[in-house]
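**Student:**
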Amino acid sequence: MRDILADFVRAPVKSLLILSALIPLAAVAATSSSQAWSPAASASQLAALDYIERLEVARSAGPQAAADALGIENGSGADAASVSGIARNFGGIELAAELSQQSGQTVIVVKASGGCVEREIARAKLALGRIVWAPLADSPAPVMGYAHFQGGSASTVFFDATGSRCLTGVRIEDPARLKAAIETAGKEEASNQLP
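Residue numbering for the sequence shown follows my numbering, starting at 1103 and increasing by one per position.
#1: Would you please verify whether the beta carbon of Ala-1160 is less than 8 angstroms from any beta carbon of chain C?
#2: Kindly indicate the opening and closing residues of the beta strand (DSSP E) around Val-1219.
#3: Counting only the same chain and skipping the five closest in sequence on each side, list residues whose C-beta sits under 6 angstroms from that of Ala-1189.
#4: Taking Ala-1154 as the reference, give the member of Arg-1267, Ala-1282, Val-1259 and Ser-1202 with the closest Cα.
#5: Can you tell which of Lys-1227, Glu-1200 and Gly-1164 has the C-alpha that lies nearest to the C-alpha of Ser-1146?
#6: Out of Asp-1262, Lys-1281 and Ala-1214, point me to the one whose CA is closest to Phe-1251's CA.
#7: Since Glu-1155 is in the alpha helix (DSSP H), which residue starts that stretch and which ends it?
#8: If I measure Cβ to Cβ from Leu-1172 and keep anything under 6 angstroms in the same chain, skipping five residues before and after, which residues do I get?
#9: Given that a residue counts as buried once 16 or more other Cβ atoms are within 10 Å of its Cβ, and exposed if not, what is Ser-1162?
#10: Ignore the nearest five residues each way along the sequence and tell me which others in Gly-1194's own chain have a CB closer than 7 angstroms to its CB.
#11: Would you tell me roughly how many angstroms separate the C-alpha atoms of Ala-1243 and Arg-1267, rounded to the nearest one?
#12: On the three-state DSSP scale, how would you describe Gly-1247?
#13: For Glu-1158, count the other beta carbons within 10 Å of its own beta carbon; 16 or more makes it buried, fewer makes it exposed. Which is it?
#14: How would you call Arg-1225, buried or exposed, if buried means at least 16 neighbouring beta carbons within 10 angstroms?
#15: Quick check on the burial criterion: 16 or more other C-beta atoms within 10 angstroms. Buried or exposed for Ser-1255?
#16: For Gln-1166, report the span of its alpha helix (DSSP H) as first-last.
#17: Does the Cβ-Cβ distance between Val-1219 and Trp-1235 come in under 8 angstroms?
#18: In angstroms with no decimal places, state the Cα-to-Cα distance between Gln-1203 and Ala-1138.
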């Protein structure tokens, strides 16, 4: 398996920052800089990652399937811009999700807290792709985001970039949006390499 961090080191910072600008900052599931992570059993981490994969499949099945997967009652918050789902706990790992409609597309944002889902376990389980979100220099809680495509959805899977390397959150959306952002960053990178 190739080293994803090597891609990050080789990728021009400018192209990563452009990609970062294309993914709305509000969508970043960042935790506070004072977040304290507790150790979590591997089985709990894998169960939390399984739940995220189920949410990816549910999102692509439509708004009602996504709402059902999040435990949102039928019609609950129909007029709201976003609706919170039931927080799930996997051996101390808490995943709180929010469902919203953005430009006619169903988007799920999951925020992680409590127990640590280690980046290496997530990379192995989800076969995470390239880095699509670089830590911003002035961020009080910098995160690094990896692309994941599955079940008709695209996810940006965010991890703490300050040392813990724990999962901070996931943005699950229509794959066309993330693919377009990756292509734009790739074109920018290619144009920067021209003589």
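Virtual Cβ for every residue (Gly too), placed ideally from N, Cα, C. Note that the structure is a prediction, hence the values are computed from the model and not measured.
**Tutor:** Per the coordinate set shown:
#1: Absent here is chain C; the protein component of the structure consists of one chain.
#2: Run containing Val-1219: none; DSSP gives neither H nor E here.
#3: Excluding its 5 nearest sequence neighbours in each direction, Ala-1189 has C-beta neighbours in its own chain below 6 angstroms: Glu-1196 and Ala-1198, listed in chain order.
#4: With the sequence shown as reference, residue 1154 is identified as Ile, and Ala is not the correct amino acid for it. Minimum Cα distance to Ile-1154 is reached at Val-1259.
#5: Comparing C-alpha distances from Ser-1146 to each of Lys-1227, Glu-1200 and Gly-1164 shows the shortest one belongs to Lys-1227.
#6: The shortest C-alpha separation from Phe-1251 is found at Lys-1281.
#7: Taken as a continuous stretch (DSSP letters only), the alpha helix (DSSP H) holding Glu-1155 covers 1144-1162.
#8: Once the five neighbours on either side are set aside, the close Cβ partners of Leu-1172 are Gly-1187, Ala-1199 and Leu-1201.
#9: The residue is buried, with at least 16 neighbouring Cβ atoms inside 10 Å.
#10: These residues qualify, in order along the chain: Ser-1140, Ala-1142, Ser-1146, Gly-1216 and Gly-1217.
#11: A direct Cα-to-Cα measurement between Ala-1243 and Arg-1267 gives close to 12 angstroms.
#12: Gly-1247 carries a strand assignment under DSSP once its states are collapsed to helix, strand and coil.
#13: Buried: at least 16 other Cβ atoms inside 10 Å.
#14: Under this definition Arg-1225 is a buried residue.
#15: So Ser-1255 counts as buried.
#16: Taken as a continuous stretch (DSSP letters only), the alpha helix (DSSP H) holding Gln-1166 covers 1165-1171.
#17: No, the pair does not count as a contact, with Cβ atoms beyond the cut-off.
#18: Cα atoms of Gln-1203 and Ala-1138: separation of roughly 31 angstroms, rounded to the nearest angstrom.
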